[in-house]
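If you're matching them up, the sequences are chains G and X in order.
Numbering follows the UniProt record's numbering, in which position 211 of the first sequence is assigned residue number 211; successive positions increment by one, without gaps.
Numbering follows the UniProt record's numbering, in which position 317 of the second sequence is assigned residue number 317; successive positions increment by one, without gaps.
We treat Cβ as the ideally placed atom computed from N, Cα and C, and that holds for glycine.
Number of protein chains: 2
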Amino acid sequence: MEQSDAATRPRNGDRKAPPTIYDIARLTGVSPSTVSRALNKPGRLNAQTERRIRDAASELGYRINPMARALPTGKTGTLGLLVSDITNPVYFDLVRGAERVAFETGMTIVLADSQESPELERATAERLQTSVDGLLLVGSRLEDQQIQELYSVKPLVVVNRLVEGIPAVIPDVRPGITTALEQLREAGHRRIAYLAGPEASWLNGQRWQTAFATAVEWDMSIVEIKSNAPTREGGAEAFGRVKAADVTAVLAYNDLVALGLLRECRDHGVDVPGRLSIVGFDDIFGADLPTPALSTIRMPLTSLGEKGIRRLLTEIEGGRSEDESALPTEFVGRESIAKAA
Amino acid sequence: MEQSDAATRPRNGDRKAPPTIYDIARLTGVSPSTVSRALNKPGRLNAQTERRIRDAASELGYRINPMARALPTGKTGTLGLLVSDITNPVYFDLVRGAERVAFETGMTIVLADSQESPELERATAERLQTSVDGLLLVGSRLEDQQIQELYSVKPLVVVNRLVEGIPAVIPDVRPGITTALEQLREAGHRRIAYLAGPEASWLNGQRWQTAFATAVEWDMSIVEIKSNAPTREGGAEAFGRVKAADVTAVLAYNDLVALGLLRECRDHGVDVPGRLSIVGFDDIFGADLPTPALSTIRMPLTSLGEKGIRRLLTEIEGGRSEDESALPTEFVGRESIAKAA
DNA sequence: GCTACCTCGGCAATCGGTTGGCAAACACGC
DNA sequence: GCGTGTTTGCCAACCGATTGCCGAGGTAGC
C-alpha cells in the first residue's frame, strides 16, 4: 500500500505561506490598508488603483485569512448547526437546505451532533459558540433556560421547538395529522395508538397533542405508547406493547420508529396493513422502500433548514425578523394503510 | 406565532463581550502572557500561581478565542470533511466515525459537500483550506493533479481513492466481491452485469476491475452497463439496459443504484431474485428494508472515517505515517440472491 | 489668488492570543 | 561575599487583517 516515496511529500515546513495583503501591498507599491480597502470597500478608492490591486491579488492567488479578519471584526463567517443525531436520515434534507443558503451567502456551516444527549449538546453548543457567528439548534433536548443562556451569549435560532423569547422556525403539524387521521377514520379505524418519541422533544409533544385533540374531536379512541428510543430498534422493541394495546392503527413519532415496528410486524406475522395500519412522520429516505411502503406525514425539511439559516442571518445582523407562520406538513399516502379489520 | 415581546430579546449590542486573558490578568494581578502560559504550558509556572490563574479563569467562565489563537500559531483546531454528496446515506457512518475521533482529540469538523460536481468540489476545497488545519477528501471527483495542488497548500488525506504521493485510506474491495461472486456462481449464475458508477470515481474503477478479474477467473461472463447517476433514479433509469443485457445477476456500483433498480424491477413485474439477482455495495441505511432485502457488500465506513481523521492528524503534526493496509469489505447475504433461472 | 471642499491613500491602533528573550529574585556552594 | 545556576514572570514583537483619523493634493467657486 505504499503509494509514493515518502521523501517526495511536502512536509509542513515545505509549504509556502499563503500570500497576505502585505505581499500585495509590496507588489503594487501601496500600503496594506489600501489593499484592504480595495478588496472590500468597492468605490472607496480610485478605480484605477483598485483595478491594479485586484489584479495583483488574483495573480498572487490571494485568499483572505478568515481568522485574521475575524479578530478585529468579531465575525467568523461561520454558522453552527447542531442536530440531535447525525445518523438520522431526517436531517439530510434539512442540512442540505441549510447548506445551500449558507453557501449562497458565503457562510460556512459547522455541523455537529449531540447523540441525543443533553449534556453533550450543551458542551458542544458552548464549544461551537466560541467560533461561530450564530447557532442553529435543531430538535434541541436542552431545557428552555439553558437555551436562553446560550442565546444571551450569541445569536441563536431553534428549529422544531418553541422557547420563550427565542427566535424559532417550526412546522405546522396540523395539516398532515388532520389528513392522516381523516384517512384512517374513513377506513374505519376507531382505536388508534400514538407511539411516542423522546419526552424532551418539543416536536413529540406537538405531534401527540395534535393527534390527541384531533382524535378526540372525531370520536376515535387514542392511547400513547412509550418507546425507548426514536430509532428502528426503539420501534421494534415497542411491538409487544402495540400488540397488547389492541388498536387497528398506529401513528408513530417518526419514520424510524415506524419502520422498526413495521419490520417487527412482518417478522411476527402481523399483517400490515391488513391487521394494523401504520403511519410515520418525516418521510425520510427509505420510507417508500419496504413492502408495504410506509404512509407518512412529510415535514418541510428543506424549507426548515433554509428558513432557519435565513432567520439566523437576520438575527446576526441585529435585525429583528418577524416570526413567520409555521411551515405546513403534508400527508403522503402509501401502502401501509388499509381498512380496519 | 409571536413568542415573545421583541423588546426583551438581546440585541447584539446587549451581549457582553466574553472574558479574555486580559481580564484574568487584571483580576489576578499578573501579566497576560503569564495567564497564557498558566493555561497551556502546565508546569512552566509556579504551581500556586498557576492554580490562582486557573481558578480565576473558570470563575470568569473564560473560553479561549480560537481565532485569536489561530493567528500566531497558524493552527485553527478545525478539520475539513468534503464528501461528494451529503444526502447519500453512505456517508452517515463515515461522518460519525470521523466526528468521534475529532471530538476526542478536541478538533472541530467542518462538513461540506460538492454535490457530485468537480468544479464545486475544487471551489469548496479551496475555500475550506483557508480556515482548516487539514482536509479529508472522501470519494473525490477531482483529477489527481488538482488533488496534488491542494496537498501542496495544506495537509490532506483522501478516502476511497489512491493518488500518487497523497496519503490515503482505502477499503479492500476484494474479500466482499470474491464472496459475492462465489455465492452467485454456486447459485448457478454464469452471465452477470456490473451496473457502473461515476467514471471519475476511483472506487467505481476498483469495483469494476476486481469484479471483472474475478468473473473472468471463474469463467463467468460479465458486462459493464452504464448508469447516469449513482442514485436511485440512476438505477431505475438503467432498468431497460439491464433487461436487454440478458444476465441473471447484477452487481451494482452502490446500494442506491441497486435499490433504484430493484424498485423498477418490482414495478415492471420482473421477479427479484427469481429472474434477476441483485447485489449492491455499501450496506447503507435502508438496504434491508425492501422485499426482497438487498444483499450487499459492506464497506468499513466507520473505520474509514476514523482512520482518515487519525491519518490526517498525524499528517498535520508533520509525522509521516505509514500507509496501512486497506480495510476489508464484507459480503452481507440477504434475500435478493437466488438460484439462476 | 484665496478659501472651501472633496478625493485618495497612509499611519497607527486594535482585535486576543503566543513566545523568545531577558531580568529579577532566590538558592546554593565555596 | 561572590560567582553560578535555576526558577519565575514580564516586556514586547508578532500573526493578518480592519478602520478612524489625518494630511496631501486637486478642483471649484468667487
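Neighbour list for residue i in chain X, Cβ cutoff strictly below 8 Å
i                     : result
residue 57 of chain G : The premise fails here: residue 57 of chain G is roughly 14 Å from chain X at the closest Cβ pair, so nothing lies under 8 Å.
Contact set between residue i and chain G, taken where Cβ atoms lie within less than 9 Å
i                     : result
residue 68 of chain X : 67, 70, 71
Residue i versus residue j: straight-line alpha-carbon distance, rounded
i                      : j                      : result
residue 304 of chain X : residue 167 of chain X : 13 Å
residue 132 of chain X : residue 79 of chain X  : 5 Å
residue 44 of chain G  : residue 38 of chain G  : 7 Å
residue 329 of chain G : residue 58 of chain G  : 47 Å
residue 279 of chain X : residue 238 of chain G : 31 Å
residue 247 of chain X : residue 282 of chain X : 22 Å
residue 346 of chain X : residue 258 of chain G : The displayed coordinates of chain X run from 1 to 341. Any statement about residue 346 of chain X would go beyond what the structure contains.
residue 130 of chain X : residue 155 of chain G : 24 Å
residue 327 of chain X : residue 268 of chain G : 37 Å
residue 103 of chain X : residue 317 of chain X : 17 Å
residue 263 of chain X : residue 146 of chain G : 46 Å
residue 134 of chain X : residue 97 of chain G  : 26 Å
residue 245 of chain X : residue 196 of chain X : 14 Å
residue 333 of chain G : residue 74 of chain X  : 54 Å
residue 300 of chain X : residue 324 of chain G : 44 Å
residue 335 of chain X : residue 288 of chain X : 9 Å
residue 285 of chain G : residue 50 of chain G  : 50 Å
residue 217 of chain X : residue 182 of chain X : 11 Å
residue 35 of chain X  : residue 16 of chain X  : 21 Å
residue 109 of chain X : residue 219 of chain G : 51 Å
residue 164 of chain X : residue 112 of chain X : 24 Å
residue 93 of chain X  : residue 208 of chain X : 24 Å
residue 424 of chain G : residue 106 of chain X : The requested residue 424 of chain G is not part of the displayed model; chain G covers only 1 to 341.
residue 162 of chain X : residue 95 of chain G  : 29 Å
Cβ-based neighbour list, residue i, same chain, cut-off 6 Å, excluding 5 preceding and 5 following
i                      : result
residue 137 of chain X : 82, 158
residue 66 of chain X  : 77
residue 249 of chain G : 184, 189, 192, 277
residue 3 of chain G   : Low confidence applies to residue 3 of chain G: its pLDDT is 42, below 50, so where it sits in the model is not reliable, and the reading given next is rough at best. There are no such residues.
residue 211 of chain X : 177, 194, 251
residue 221 of chain X : 191
residue 266 of chain G : none
residue 116 of chain G : 84, 85
residue 302 of chain G : 93, 97
Buried or exposed (CB count within 10 angstroms, at least 16 for buried), residue i
i                      : result
residue 7 of chain X   : Confidence at residue 7 of chain X is low in this model, with a pLDDT of 44, below 50, so the placement of that residue should be treated as unreliable; the coordinate-derived value is given next. Per the 10 Å Cβ criterion, exposed.
residue 124 of chain G : buried
residue 70 of chain G  : buried
residue 322 of chain G : exposed
residue 206 of chain G : buried
residue 46 of chain X  : exposed
residue 5 of chain X   : Low confidence applies here, because residue 5 of chain X scores a pLDDT of 42, under 50, leaving its location unreliable; read the following figure in that light. Label assigned to residue 5 of chain X: exposed.
residue 296 of chain G : buried
residue 140 of chain G : buried
residue 340 of chain G : buried
residue 22 of chain G  : exposed
residue 315 of chain G : buried
Listed by chain order, chain X residues near residue i by CB distance under 7 Å
i                      : result
residue 285 of chain G : 89, 286
residue 96 of chain G  : 86, 87
residue 259 of chain G : 289
residue 110 of chain G : 108, 110
residue 331 of chain G : Going along chain X, no residue has its Cβ under 7 Å from residue 331 of chain G, so there is no contact; the nearest lies around 21 Å.
Chain-ordered chain X contacts of residue i [CB-CB under 9 Å]
i                      : result
residue 295 of chain G : Here the premise fails: no neighbours, minimum Cβ distance about 15 Å.
residue 63 of chain G  : 126, 127, 129, 130
Cβ shell of residue i (< 8 Å), same chain only, five flanking positions each side left out
i                      : result
residue 228 of chain G : 234, 237, 238
residue 298 of chain G : 176, 282, 283, 329, 330, 331, 332
Chain-order list of residues whose beta-carbon lies under 7 Å from that of residue i (same chain, five-residue window excluded)
i                      : result
residue 169 of chain G : 157, 159, 304, 307, 308, 311
residue 338 of chain X : 187, 273, 274, 277
residue 214 of chain X : 177, 178, 181
residue 174 of chain X : 210
residue 142 of chain X : 118, 121, 122
residue 13 of chain X  : Because the pLDDT of residue 13 of chain X is 49, which lies under 50, any placement of that residue in the model is unreliable, and the question is left without a value.
Within chain G, partners of residue i - CB distance below 8 Å
i                      : result
residue 334 of chain X : By Cβ distance, chain G contributes nothing, its closest Cβ being about 13 Å from residue 334 of chain X, past 8 Å.
residue 15 of chain X  : 152, 153, 154
residue 99 of chain X  : 86, 112, 113
Chain-ordered neighbours of residue i on chain G, where CB pairs are closer than 7 Å
i                     : result
residue 76 of chain X : 67
#### Entry: Interface positions of the stretch 202-225 of chain G facing chain X (Cβ-Cβ less than 7 Å), listed along the chain
none
### Query
When you check each C-beta in the stretch 229-242 of chain X against every C-beta of chain G, which residues fall closer than 7 Å?
none
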